[in-house]
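Scroll down for the structure; my scribbles are underneath it.
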Amino acid sequence: MKQHWLFCFDPQAKGNQALAWHHDFAITRERLRDWVTISGTRLDRDRPTRTTAWPGGEAEGWTQPSTAEVPVVERTKDFLAFVEEQVQARTAEQDAVIRQVLADEQLGRDG
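Sequential numbering of the sequence shown, starting at 2, is according to this note's numbering.
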């Protein structure tokens, strides 16, 4: 939506582009609201995404995850913990790739 907004509100955009953006934004909000409603998530509780079991498609030892609602008590704290976990995981992955590239370059020089 940001790129669409930038395009529609550019000084060189046609005069009706702002109306097009507001129209598209209203449709997008409606679609997002529908998706959130289907997910079952609310401000005060969350429910893990439902999964469909396919007969014969389960891995050995697989158990269906719980779809029970979980109360959201400390939304900000939980969100910050999630972000921190993601940053650490992505940083570790990036560092591993960099180490591998450096190792490959060193092998190329020595080999």
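All C-beta atoms, glycine included, are put in the ideal place defined by N, C-alpha and C.
Self-check item: DSSP-derived helix/strand/coil call for residue 34
Solution: helix
Quiz item: Looking only at its own chain, which residues have a Cβ that is under 7 angstroms from the Cβ of residue 72, when we skip the five neighbours before and after it?
Solution: 45, 46
Quiz item: At what residues does the alpha helix (DSSP H) containing residue 108 begin and finish?
Solution: 76-111
Exercise. Output the distance between the C-alpha atoms of residue 80 and residue 88, rounded to the nearest integer angstrom.
Key: 12 angstroms
Quiz prompt | Own chain residues within Cβ distance below 7 angstroms of residue 5, not counting five before or after | solution = 22, 25
Practice problem: Taking residue 48 and residue 70 to be in contact with their CB atoms under 8 angstroms, please state how far apart those CB atoms are, rounded to whole angstroms. | Solution: 5 angstroms
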